[in-house]
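Chains as they are written, first to last, in our numbering: chain W, 38 to 156; chain D, 931 to 1044; chain S, 566 to 975. All C-beta atoms in this analysis are idealised placements derived from N, C-alpha and C, irrespective of residue type, glycine included. Small disclaimer: the values here were computed from a predicted structure and weren't measured. Before any comments, here is the structure.
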Amino acid sequence: MKDFVLLFRNAGEPMNTLSPQQMQNLMTDWQNWMGGIAAQGKLSNMGYRLSTEGNTLKANSVTTDGPFAEIKEILTGVTIIKAETLEEANELAKGCPILNIGGSVEVRGVIVMNMDYNK
Amino acid sequence: MKDFVLIFRGVNDDPSNHLSPQQRQEFMTDWQNWMGGIAAQDKLANRGHRLGDEISILKGNVVTDGPYAEIKEMLSGLIVVKADNLAEAKEMAKGCPILRVNGSVEVRSVVVMN
Amino acid sequence: MQKEKELIPQLYRAEFRKLVSVLSRSFGLEHIELAEDIVSEAFLTAAETWGIKGVPSNPVAWLYTVAKNSAKDYLKRSNLFEGKITTHLQQDHNPAYETEIDLSTKNIRDSQLQMMFAICHPAIPPEAQIGLSLRILCGFSIDEIADAFLTNKENINKRLFRARQKLKEARVAIEVPPVSEIDKRIETVLTTVYLLFNEGYYSQSHNTILRKDLCLEAMRLNYLLLENQLTDKPAVNALMALMCFHSSRFDSRMDEHGEVVLYDDQDSSLWNQELIAKGNYYLNNAAKGDTVSTYHFEAGIAYWHTTRSPEKWAHILQLYNRLLQLRYSPIAALNRTYALYKVYGKVTAITEAEKLNLTKNHLYHCLLGNLYTDEDNQKALEHFRTAISLTKSSVDKKAIRKQMEKISLS
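The structure is reproduced here in structure tokens:
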């Protein structure tokens, strides 16, 4: 089993577009989805929800306020799961509720640090 | 102290990103020195992951293998550091070697789950 | 008479732990003192009898026979036997097995391995693990343990009593853990083995022979793990390499007056090359497989310290970088900063050092004292003075004053 990082993106805060009830449902759906992955023993790290507070640093000491916004979708969270293949990871990702509100999930395999520690 | 996520992006088609083996070696050394420096201050919350080439994007009910056409700067990795505030986290991020090869570092504070 | 005087302590060290491990399996951990008492009795009997009748032709077999017979007598006489027989009749249907005490080489080795896992159990506090390991796994006498910890017999006996209580309370089983748990359980065992080794290596006790014995015993315990396929893991090999590299410098670490000789002043011709070669062997073994542990990085660093080549510092810096990312410790942070100085110079190192925020740690001030020497001597002396005020060790204070003198003289 290998680690796969899931990166969640959404255009704008769900809070702005969803009603309190819809928000509540989203949270429940999210917990159900994560719980399902955890129940299969495939949750490597619950990860983080990202707030909108941030800075973006670029080359030549350029710093802008706020999240990286080259595209209209910003990163809203990160989770790490375990799967044998990218396909299997995709299957697990398909259940993510963010896909129902216009968001996206990027699934990435990780690079394992080499064992070359004796050099 | 709070957690801050640092997200690294490299520019894929930028020539300056194509480093010689020697330069790549130096870059790796610089990277380890930078991470080691944060770890030595006991401010590394999670040494995170380097992200590889295996990638899928899910949107709606469509799964696309390979990078998003819109995204020209690929996510290459992320770590989590501890700092008192965003300004401090930003200071730590300034030392990241990816900034010297035309990459970027996004610093985000986390929402604490209750 | 002289021969017998040396023989019994030697036999005690070698055989006490083997016999106690085997007997503990028959009696159960809740009666561990019984096993210890029976074995101690056998040695007392040996001391009395051999003085009069002479040393037997096979002393080990003699001891084993006496201990075994005492144990069997005890089992038959006490209701211990009843309890065990009933449970095992229900389980094994083989009552004959219970009265048989198997002192074959294989069972002795297996029993010791099982005992290691029983004693080095997460439910047992670390101090208790050390005490029990020294007494039962290594066969040190109470006097010797007191000497190593610079305390008295009463304290050690109290400690061991409390430790045995913990063992009983935790209801630990004497067995090698199942494969699914082994990696996690080995972590606890290795932590204790390493603590034991460090007791010997860094102890302030002046009993050099005892301290060397502690290091050797730790390595012997580790070797038990290597000998068994189930426990021959990369981390175990890495720890073995680490201990070999450290041990290789044992003879050069103290001068004729019993004073510590710092690394830079050590006579490298006194470094044991055979141990270094062994260390390299285990380090290579450790690299096979796909896991790294903190011991891997520490062993890598220790490897580089077996050389005096200037290129070593760049490697050591990278190893500390990786070690710290795996697990933070103030010592690693300070040592990393020293390596940084060796590679990038004092100015860089000072900048990084001042981010460490270890101001209550005397070693932090020692480091800054060193770094500021010849850069800003006033700051250097300030840091050295703070270091002296923060440490209670007269050995350390002496070493720091030596550093300060060097500045005044320049």
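- Taking all protein chains shown into account, Asp675(S) has 16 or more neighbouring C-beta atoms within 10 Å of its C-beta and is therefore buried.
- Taking all protein chains shown into account, His771(S) has fewer than 16 neighbouring C-beta atoms within 10 Å of its C-beta and is therefore exposed.
- When Gln58(W), Lys39(W), Leu63(W) are compared, the shortest CA-CA separation from Gly78(W) is found for Lys39(W).
- Residue pairing of Thr93(W) in beta bridges, as defined by DSSP: Thr101(W), Glu1036(D).
- Residues are counted here when their Cβ sits less than 7 Å from a Cβ of chain D; for the stretch 126 to 147 of chain W these are Asn127, Ala130, Lys131, Leu136, Ser141, Val142, Glu143, Val144, Arg145, Gly146, Val147, given in chain order.
- Taking C-beta atoms as the reference points, Val935(D) and Val1041(D) fail to come closer than 7 Å.
- Counting only residues of its own chain and dropping the five nearest sequence neighbours on each side, Leu628(S) has a CB closer than 8 Å to the CB of Leu576, Glu580, Leu584, Ala607, Phe608, Ala611.
- Ranked by Cα distance from Asp830(S), the options Ala964(S), Glu571(S), Thr670(S), Ala688(S) are led by Ala964(S).
- Nearest Cα to Gly140(W) within the set Gly84(W), Leu63(W), Gly73(W), Gly72(W): Leu63(W).
- Of all residues in the stretch 891 to 917 of chain S, only Tyr893, Ala898, Arg901, Thr902, Glu917 place a beta-carbon less than 7 Å from a beta-carbon of chain D.
- Put simply, the backbone Cα of Thr65(W) is about 38 Å away from that of Lys1024(D).
- Contact between the stretch 898 to 914 of chain S and the stretch 951 to 959 of chain D is absent: fewer than three C-beta pairs spanning the two stretches fall below 8 Å.
- Its Cα nearest to that of Met60(W), the residue Ile138(W) stands out among Glu143(W), Ile138(W), Met150(W).
- Across the structure, Leu988(D) and Leu136(W) are spaced so that their CA atoms are roughly 8 Å apart.
- If you ignore the 5 residues before and after Ala636(S), its C-beta comes within less than 7 Å of the C-beta of Leu588, Ser591, Ile603, Ile666, all in its own chain and listed in chain order.
- With its beta carbon at least 7 Å from every one in chain D, Gly72(W) lies outside the interface.
- Each residue's CA atom was taken as its position, placing Asp638(S) and Val631(S) some 11 Å apart.
- Remark: C-beta atoms of Arg145(W) and Leu1008(D) do not approach each other more closely than 7 Å.
- The C-alpha of Ala879(S) lies about 19 Å from the C-alpha of Thr859(S).
- Distance from the CA atom of Lys967(S) to the CA atom of Glu1036(D), rounded to whole angstroms, is 48 Å.
- For Arg977(D), at least one C-beta of chain S is nearer than 7 Å to its own C-beta.
- Listed in chain order, the non-local C-beta contacts of Lys641(S) below 6 Å within the same chain number zero, local neighbours out to five positions each way being set aside.
- Residue burial annotation: Met931(D) is exposed, with fewer than 16 other C-beta atoms found within 10 angstroms of its C-beta.
- In the three-state DSSP reduction, Asn976(D) falls in the strand class (E or B).
- Per the DSSP secondary-structure output, Met1004(D) pairs in a beta bridge with Gly940(D).
- Where Ser812(S) is concerned, the enclosing alpha helix (DSSP H) starts and stops at 799 to 812.
- Within the same chain, and ignoring the five residues on either side of Ile689(S) in sequence, the residues whose Cβ sits closer than 8 Å to its Cβ are Leu697, Ala728, Lys731, Leu732, Ala735, Val737.
- Here Tyr766(S) is buried, its C-beta having at least 16 other C-beta atoms within 10 Å.
- In this structure, the straight-line span from the alpha carbon of Arg873(S) to that of Ser894(S) is close to 25 Å.
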